[in-house]
Amino acid sequence: MVLFSLCCAVTFLGIVGQDQSMRSTVAALAVGATVGMTLVLKEIRSKVGWEKRPVGSVLSQYVALKVVGWLGGRQRRKLEEDTHNVAQVQEETLLRRLQKHRDTCYGKLHDFKTITGVADFRARHPITTYEHYRELIQRIAAGEDKVLISEKPLILAMTSGTSGASAMLLSTKDTNTEFFLQGVTVCLDAMRKAFPATESLQRTTKFFYTPTLRHSEAGLLIGPNSSTPASSRHMLNLYTTPSPAFEFHSYRGQQLLQVLT
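Using this note's numbering, the first residue of the sequence shown is number 12, and each one after it goes up by one.
Structure, rendered in structure tokens:
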């Protein structure tokens with residue numbers, strides 16, 4: 012903190028020769044930055060978990076929690092607003108997705124581009140199960156483009172099969188983003204409001220593993236539809252297990268390292 016203030020002072024002194032308005036602006040910025048950093052450090056020290064940790068690690072976790080907290084609050088408010096008119100929101104979501112994928116084989120088959128509402132969709136599209144899409148997904152796995160969705164999937168995600176046979180789902184950038192924004196951040200916001208003490212700088216223990224991935228005949232990744240160390244690489248600083256532990260390829264080895272840490 013002292014070093015930061017000295018830097019601000021040196022910057023100010025370095026422009027003494029400039030005009031008065033410039034000096035006033037820089038002085039105001041320096042004071043504002045110093046006050047801001049003081050408040051941030053005060054808040055950090057008031058939370059459990061910051062002790063005996065590198066400054067960079069604590070600051071990165073603090074910023075991550077603030078960003079996720081802001082997103083969670085915004086998404087929670089949006090969710091609450093959407094519940095006042097569920098039918099309209101669902102119809103808007105449906106039409107937005109039909110519009111995006113209207114030029115796929117499936118979109119052309121069901122003439123998505125001329126569907127203007129829920130009634131049209133119900134009239135043209137049957138009620139389906141996974142079997143209706145199995146052959147189409149196999150075509151995607153074989154490398155065919157624009158079959159069901161307009162973009163190439165990031166991974167062909169396999170379900171656990173706990174309620175039946177395992178199914179292959181198309182995981183895209185959009186689905187991952189929606190899961191994080193509409194699921195994870197909202198859950199964290201609800202937890203923070205119900206249990207304020209959870210908003211600390213303590214690291215979280217999370218047990219997850221590097222899966223064994225395989226490839227389809229077209230080279231698309233096939234793997235579990237769950238969080239992995241690789242997909243969470245930007246968030247590993249929030250967890251108790253250090254990132255090198257996830258480089259251990261043995262499942263039992265990773266399990267042991269996570270228990271020990």
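We put the CB at the ideal spot given by N, CA and C, even for glycine. What you are looking at is a predicted structure, and each value in this text was computed from that prediction instead of being measured.
CB-CB under 8 Å to residue i, same chain, minus the five flanking residues each way: which ones, in chain order?
i	result
Asp122	Arg135
Arg263	none
Taking only heavy atoms of the ligand PLP into account, decide whether any of them is closer than 6 Å to the Cβ of residue i.
i	result
Tyr117	As presented, the structure is devoid of all ligands, the ligand PLP included, so that no description of it is given.
Can you find the residues in the same chain that come closer than 6 Å, C-beta to C-beta, to residue i, ignoring five residues on each side of it along the sequence?
i	result
Asp93	Val100
Leu247	Ser254
Lys163	none
For residue i, write down the residues that DSSP places opposite it in a beta bridge.
i	result
His143	In the DSSP output, where bridge partners are listed per residue, His143 has none listed.
Pro235	Met169
Thr125	None, per the DSSP bridge assignment.
Tyr250	Thr215
Leu181	Leu167
Measure how close the beta-carbons of residue i and residue j come, nearest whole angstrom, since I'm counting them as under 8 Å.
i	j	result
Tyr144	Leu167	The Cβ separation is near 12 Å, so there is no contact.
Thr196	Met202	Not confirmed; about 11 Å, so no contact.
Thr221	Phe191	The pair is not a contact, with the Cβ atoms about 20 Å apart (cut-off 8 Å).
Ala152	Ala229	6 Å
Thr216	Thr251	5 Å
Which residues in the same chain have their Cβ closer than 7 Å to the Cβ of residue i, if we skip the five residues on either side of it in sequence?
i	result
Arg113	Phe123, Lys124
Asn236	Ala168, Met169, Thr170, Leu180, Ser182
Leu249	Gln72, Ala75, Arg214, Thr215
Using DSSP with H/G/I as helix, E/B as strand and the rest coil, what is residue i?
i	result
Phe23	Only weak support is given to the placement of Phe23: the predicted model assigns it a pLDDT of 47, under 50, and the question is left unresolved by the model.
His226	strand
Ser242	coil
Ser161	coil
Ala176	coil
Ala75	helix
Thr196	helix
Pro65	coil
Ile138	coil
Ala208	helix
Arg113	coil
His260	coil
Just how far apart, CA to CA, sit residue i and residue j?
i	j	result
Ala98	Gln72	39 Å
Gln265	Leu106	44 Å
Leu224	Leu76	31 Å
Phe206	Gly118	45 Å
His260	Val270	16 Å
Gly67	Gln86	28 Å
Thr139	Ser177	17 Å
Lys184	Lys204	29 Å
Thr239	Cys116	32 Å
Ile148	Glu91	35 Å
Phe219	Thr127	43 Å
Lys111	Ser161	7 Å
Arg244	Arg108	29 Å
Val59	Arg214	Any answer about Val59 is weak, because its pLDDT of 49 lies below 50 and its placement is not dependable; what the coordinates show is given next. Those two C-alpha atoms are separated by around 10 Å.
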